[in-house]
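Okay, so here's the structure we're looking at.
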Amino acid sequence: FYVDSEGNNLIVKNLRKSEGAVLYLPATQKLSVKTTWHGDIEISGFTSEIEASAEINGSLSIKDVSGPITADALNGQIEVVFNKVNQDSPISIYTTNGELDISIPANTPADLTLSTINGEIYTNFEISLPDKDGMKAIATKKVRGAINNGGVPIQLKSTNGTIYLRKK
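Counting with my numbering, you get residues 55 to 222 for the letters of the sequence shown.
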């Protein structure tokens, strides 16, 4: 593999799965990471914005973070553990064929959109659901609601997988 820089960007290319790489960056560094084939991504300890994409057959493990996250995986699981949730920018996490397991602090104010086509949605949060003519949906593949009176938008979507939204 090789490392190059363009302005303030550090670019690492042509990694083979057997090689892998460990990069140490400042926690406040904005991070954008992508694998294209059978590559897993592990990220830990960032307070800044994170973009992570495992394009084919890769999983994401993102832990001890607080910044906004945009993450996606095709044929892979995504696990994210937030220390706190930045209220300035939305969070969007999507997988086509895989499970989402997301943990956020119990006191996080958020507006949620959780959806799955072939899976289920589980949470231990009390979600304030909108009603229609005085009735609330009790079983659905898509949930829109608020926790802790609403706040940052959080969108979690899995086409073929279960979604877990847990209190940390």
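By construction, the Cβ of each residue, glycine as well, lies at the ideal position given by its N, Cα and C atoms.
Pair within 9 Å by beta-carbon distance, residue i and residue j
i	j	result
Ser-169	Val-139	no
Glu-103	Ala-125	no
Glu-180	Ile-156	no
Asn-137	Pro-159	yes
Leu-85	Phe-100	yes
Between the CA atoms of residue j and residue i - distance to the nearest angstrom
i	j	result
Glu-109	Arg-220	25 Å
Asp-118	Val-135	6 Å
Gln-131	Gly-61	33 Å
Ala-81	Asp-185	41 Å
Ala-245	Leu-183	No information on residue 245 is available, as it lies outside the stretch 55 to 222 that the chain covers here.
Ala-200	Thr-162	10 Å
Asp-58	Gln-83	17 Å
Per DSSP, cross-strand counterpart(s) of residue i
i	result
Leu-210	Ile-147, Leu-168
Asp-126	Ser-107, Tyr-148
Thr-89	Ala-108
Ile-181	Its beta-bridge partners do not exist; DSSP assigns none.
Gly-199	Leu-166
Phe-136	Val-119
Identity of the residue in the options nearest residue i by Cα
i	options	result
Ile-171	Pro-184, Pro-144, Lys-195	Lys-195
Thr-90	Asp-165, Val-135, Asn-111	Asn-111
Val-197	Ile-116, Thr-167, Pro-144	Thr-167
Gly-152	Ala-160, Gln-141, Leu-128, Ile-175	Leu-128
Ile-217	Ile-201, Glu-174, Ala-200, Val-206	Glu-174
Val-206	Ala-164, Lys-84, Leu-183	Ala-164
Ser-113	Leu-154, Asn-63, Pro-144	Leu-154
Ser-143	Ile-123, Ala-160, Asp-58, Pro-159	Ile-123
Asp-94	Asn-203, Ile-116, Gln-141, Pro-159	Ile-116
Lys-88	Gly-199, Ile-65, Gly-99, Leu-79	Ile-65
His-92	Tyr-78, Ser-86, Ser-107	Ser-107
### Segment contact flag, the region 210-219 with the region 134-150, C-beta cutoff 8 Å, min 3 pairs
yes
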